[in-house]
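Asks: Take a look at this one; I'll ask things after.
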Amino acid sequence: MKTLVLFRHGETEWNAQGRYQGQQDTPMNDAGRDQAREAARRWGHTEFDAALVSPLGRAVETAQILWRDRQLDVVVHEDLKETHGGQWEGMLYTEIAERWPDEHAAFRLPDIDAGPVGGETPRESGTRTVNAVLGALETADVLLVVSHGNSLRAAAHLLTGHDDEDYASVPRLSNCRAHVLQSYSGKIGTFTLTQTSV
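Residue 2 is where the sequence shown starts when you use the numbering used here, and the numbers rise one by one after that.
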């Protein structure tokens, strides 16, 4: 049995302000660090074989708090960055909705093929995330992945193999919350989303 824990980083100031971060390297705030410490207590009983982490600081710091007292094989992977936000990065969601109402509405719907103007679609970021995860699962049975909300949501959808119309049924992850997926084969399209927001 292969088990994936797809974990979103702790809160940043831009999260708190309602800004689109994308691949901007915004740090966690104190609330995010508290969230990560609480998550470390919740997940303290889980035996992970390895961890994959986005190179962005908010994900790295979250991961460091999560595995502070563990010996883990940790890989920082470029393909775990958030969905590139193009022209939206750094803007408030309210500003985005005013300037690009149709594109913003499609993205928030959500539509897996509707991304930020000049950026990536969730399918694109989800696909690169899935490829990184499946590579790591070749040598790990229980894998912790610390990354970002949009790309993890898309990855969870793609791993289950559900129709694109079902993308909206994959819950959005709050900060320091996780999707847990399991599969006997570890192949794309065979995973079951067993828990969310643990």
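Note that the Cβ used here is the ideal one computed from N, Cα and C, for glycine as well.
Suppose you measure from the CA of HIS10 to the CA of ASP164; what does that come to, to the nearest Å?
Replies: 27 Å
Asks: Roughly how many angstroms lie between the CA atoms of VAL131 and THR95, to the nearest whole one?
Replies: CA-to-CA, the gap between VAL131 and THR95 works out to about 30 Å.
Asks: Tell me, please, which residues DSSP counts as bridged to LEU144.
Replies: LEU5, ALA51
Asks: Is it buried or exposed for ARG154, if we count other Cβ within 10 angstroms and need 16 for buried?
Replies: With 16 or more Cβ atoms within 10 Å of its Cβ, ARG154 is classed as buried.
Asks: Tell me, to the nearest whole angstrom, how far the beta carbon of MET29 is from that of GLU62; I am working on the premise that it is less than 8 Å.
Replies: 5 Å
Asks: Starting from ALA40 and walking both ways along the alpha helix (DSSP H), at which residues does that stretch end?
Replies: Annotation for ALA40: the continuous alpha helix (DSSP H) segment containing it runs 31-43.
Asks: With burial defined as no fewer than 16 other Cβ atoms inside 10 Å of the residue's Cβ, what is the status of ALA106: buried or exposed?
Replies: exposed
Asks: Under 8 Å, with one C-beta from each stretch per pair, do the region 174-188 and the region 36-56 reach the 3-pair mark?
Replies: yes
Asks: Buried or exposed: which applies to ARG69, given that a residue is buried once 16 or more other Cβ atoms fall within 10 Å of its Cβ?
Replies: exposed
Asks: Could you tell me the boundaries of the beta strand (DSSP E) in which SER184 lies?
Replies: If you look at SER184, you'll find it in the beta strand (DSSP E) that goes 179-184.
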